[in-house]
């Protein structure tokens, strides 16, 4: 156990940098985790409309009333320049002109004119407001004509259509046990803590573990140990045990830090799965540190590798930005990095991405695959030496 | 002095095209302070590394305490202490922790280990520096720590690989005295160095190496007897007349006379009254001279005679 004890004596002198990382990380996470929870909610979009009625008929008046129920009607001077200015300054989204003869055209079923011919408008080309208003007006005209075709007089047809449009559309989020995880114990806000974990775990574990291993690998003390009665197998075993236990300690400290942010013991399957996810990633970070050290690089190079690889991977894999915001090209490259699968699993667990528990386990399996690859790489590199 | 502690037979170690050790044979007896002398790069450290199984070798056989030495000969390794040329300690541990750590690689029992560590620190004179980190120690003290780490477990065979490189004279003497003490306490010592004075001072038997080969072996006196020159007399004076040097060359035991850097250098081979005979000639010729001194041959002279170059070249 002498090498094991030696490992932790050296660890004591290297742990400071890990503590610095932990404190900074928790300080950054605190406001992010405790920011106001954004609820998953739906509100119908309302437009700022200017309407100029040149028909002054019952039909035009009732159309205005119908539109006013859903949208905000803005009062402007009847001046084309002022209307255009208002649109430029986004005071109104859409200016609708109901031309003279609107009621007549609307009542005649043989008139093929649809909304874009029944009405005139001022609008920004290809804006969402145009799309919405076109849809709404088309639907309105089609429904009124359908009611008239059924034999209703215009006034009744308008009433029927108004009733049906008043009902609006009830939007409900589909929550399925199989398809998504909406776990109140593991909110997307708190998931931020776990989301950034790949960067911080790589940074801390590589920057703490690799210098310890480099110190133990220094030629002269290492030769002295090799000249002793400690067998090579025992030496390797003790080093691996030390690395594993140190990694678990670092991971546990982060998990305790997470509990401070969480406000107590983790709850719910999703949360514990996220904990397991972070544990797997901690082990990947540890084997990555051991793999780097097998190339006999210096401490400075280790720091550089951890920063470049940790930060690069975090940016590419969605630790700092949602994966949905990343381009397909980046995501394709990111798939060959373990953090991608970590973030994907975490996203599924927090409900940020669709997926099943099977998908989460699949992500864990891919992460373990990276662990095994790095382990094999380390063994091959060391056996060659 | 009869048991063989280390036996090296026909050892060959190559680094690609370079043959670092070439058909080397060594036999080190129990209780010896065995010196391995040679210039830098002559193969001393490579030989030591092969003996310790730190390096695989190409040909030959190495036995330690009568058994073949292999990387897994842990029973043999437990009887060996190594003091390498470079500082083989951990800067992250203090003096006591370093000695305790390396002693712990051999001694499992904590109480025994504590006693051994205390004795080792006492032996090298580092008791007052127990809590110091190696980097806070002076060069000499750091070397002593290096030694303490190699001897704390009381090995039967201690290998010192150039332990006095870059050490001040006072610390060097302390280290050499310590090595002699360890030998007196029963340890067999292998001492490698390119400092001939040190080897001459402490080693009971010496092997001189050059280009990976053993070029001479014996005690200091035996080695010196192998060369023709037994005494060199130096006389400070102006450049002498050719007749004076010719006259001196006629003396029975004088083998060579030359004038170098303001000194007349007279090489003698045997004889007892060489200096008196030379002084008589100087007085007869009424030659003015300054200081006169005589030097006995050194291992450097042995090396020079065999290889044609200085040991420190």
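Chains as they are written, first to last, in the numbering used here: chain G, 1 to 385; chain L, 1001 to 1313. Glycine is no exception: its CB is placed at the ideal position from the N, C-alpha and C atoms. Predicted, not measured: the structure shown is a model, and the values here were computed from it.
Is residue i close to chain L? Criterion is C-beta to C-beta, closer than 8 Å.
i                      : result
residue 215 of chain G : yes
residue 229 of chain G : yes
residue 225 of chain G : yes
residue 338 of chain G : no
residue 176 of chain G : Note that residue 176 of chain G scores 49 on pLDDT, short of 50, meaning its location in the model is unreliable and no value can be drawn from it.
residue 221 of chain G : yes
Taking 8 Å as the CB-CB limit, is residue i close to chain G?
i                       : result
residue 1087 of chain L : yes
residue 1069 of chain L : no
residue 1139 of chain L : no
residue 1195 of chain L : no
residue 1262 of chain L : no
residue 1005 of chain L : no
residue 1015 of chain L : no
residue 1096 of chain L : no
residue 1065 of chain L : no
residue 1050 of chain L : no
residue 1028 of chain L : no
residue 1116 of chain L : no
residue 1191 of chain L : no
residue 1203 of chain L : no
residue 1102 of chain L : yes
residue 1078 of chain L : yes
residue 1134 of chain L : no
residue 1124 of chain L : no
residue 1034 of chain L : no
residue 1082 of chain L : yes
residue 1099 of chain L : no
In this structure, how does DSSP classify residue i when only helix, strand and coil are distinguished?
i                       : result
residue 1288 of chain L : coil
residue 123 of chain G  : strand
residue 296 of chain G  : coil
residue 1115 of chain L : helix
residue 1234 of chain L : strand
residue 76 of chain G   : coil
residue 1092 of chain L : coil
residue 380 of chain G  : helix
residue 1294 of chain L : strand
residue 1139 of chain L : helix
residue 226 of chain G  : helix
residue 1025 of chain L : strand
residue 269 of chain G  : helix
residue 1131 of chain L : coil
residue 102 of chain G  : helix
residue 358 of chain G  : helix
For the ligand GDP, is there any heavy atom lying closer than 7 Å to the beta carbon of residue i?
i                      : result
residue 143 of chain G : By its list of ligands, the structure shown contains no ligand whatsoever, and the ligand GDP lies outside what it can speak to.
Looking at the strands, I want to know which residues DSSP matches up with residue i.
i                       : result
residue 1036 of chain L : L:1192, L:1207
residue 58 of chain G   : Note: residue 58 of chain G sits in no beta bridge, so no partner.
residue 1258 of chain L : L:1265
residue 1009 of chain L : L:1061
residue 1218 of chain L : L:1206
residue 406 of chain G  : This structure leaves residue 406 of chain G out entirely; chain G is present only between 1 and 385.
residue 95 of chain G   : G:50, G:122
residue 1067 of chain L : L:1064
residue 1160 of chain L : L:1083, L:1191
residue 1245 of chain L : According to DSSP, which records beta bridges pairwise, residue 1245 of chain L is partnered with nothing at all.
residue 1018 of chain L : L:1015
residue 1004 of chain L : L:1029
residue 1213 of chain L : L:1210
With three or more beta-carbon pairs closer than 8 Å as the criterion, would you say the region 115-132 of chain G touches the region 154-164 of chain G?
Verdict: no, contact absent.
Which residues, taken in chain order from the region 231-253 of chain G, show a beta carbon closer than 8 Å to some beta carbon of chain L?
Residues 231, 232.
Indicate whether the contact test is met: 3 or more Cβ pairs, each with one atom in the region 318-336 of chain G and one in the region 194-201 of chain G, closer than 8 Å.
In short, these stretches touch, since the Cβ pair count reaches three.
Contacting positions in the region 264-282 of chain G - beta carbon closer than 9 Å to chain L
So nothing in the stretch comes that close.
Near-chain L residues of the region 301-326 of chain G (beta-carbon distance less than 8 Å), N- to C-terminal order
Contact residues of the region 301-326 of chain G toward chain L are absent (C-beta to C-beta distance below 8 Å).
Positions along the region 3-15 of chain G whose CB lies within less than 7 Å of some CB in chain L
The residues in question are 6, 9, 10, 13.
For the 8 Å Cβ check, are there 3 or more pairs between the region 1051-1063 of chain L and the region 1124-1138 of chain L?
Contact fails: fewer than three Cβ-Cβ distances are below 8 Å.
Select from the region 190-214 of chain G all residues with a C-beta closer than 7 Å to any C-beta belonging to chain L, and list them in chain order.
Residues passing the 7 Å Cβ filter: none.
Using a beta-carbon distance cut-off of less than 8 Å, what residues from the region 337-370 of chain G approach chain L?
Of all residues in the region 337-370 of chain G, none places a beta-carbon less than 8 Å from a beta-carbon of chain L.
Got a sec: which bits of the region 1147-1178 of chain L sit with their beta carbon under 9 Å from any beta carbon on chain G, in order along the chain?
Closer than 9 Å at the C-beta level to chain G, one finds these residues of the region 1147-1178 of chain L: 1149, 1150, 1153, 1159.
Check whether the region 1026-1038 of chain L and the region 365-380 of chain G are in contact - that is, three or more C-beta pairs closer than 8 Å.
Because the criterion of three Cβ pairs below 8 Å is not met, the region 1026-1038 of chain L and the region 365-380 of chain G do not touch.
So, do the region 1003-1022 of chain L and the region 1056-1067 of chain L have three or more beta carbon pairs nearer to each other than 8 Å?
Verdict: yes, contact present.
Interface residues of the region 1228-1255 of chain L facing chain G [CB-CB below 9 Å]
Under the 9 Å Cβ criterion, the region 1228-1255 of chain L contributes no residue.
Assess, as a yes-or-no matter, whether the region 14-31 of chain G is touched by the region 96-107 of chain G under the definition of 3 or more beta carbon pairs within less than 8 Å.
Contact between the region 96-107 of chain G and the region 14-31 of chain G is absent, because fewer than three Cβ pairs lie under 8 Å.
Chain G contacts from the region 1284-1299 of chain L (Cβ-Cβ distance under 9 Å):
Listed in sequence order: no entries.
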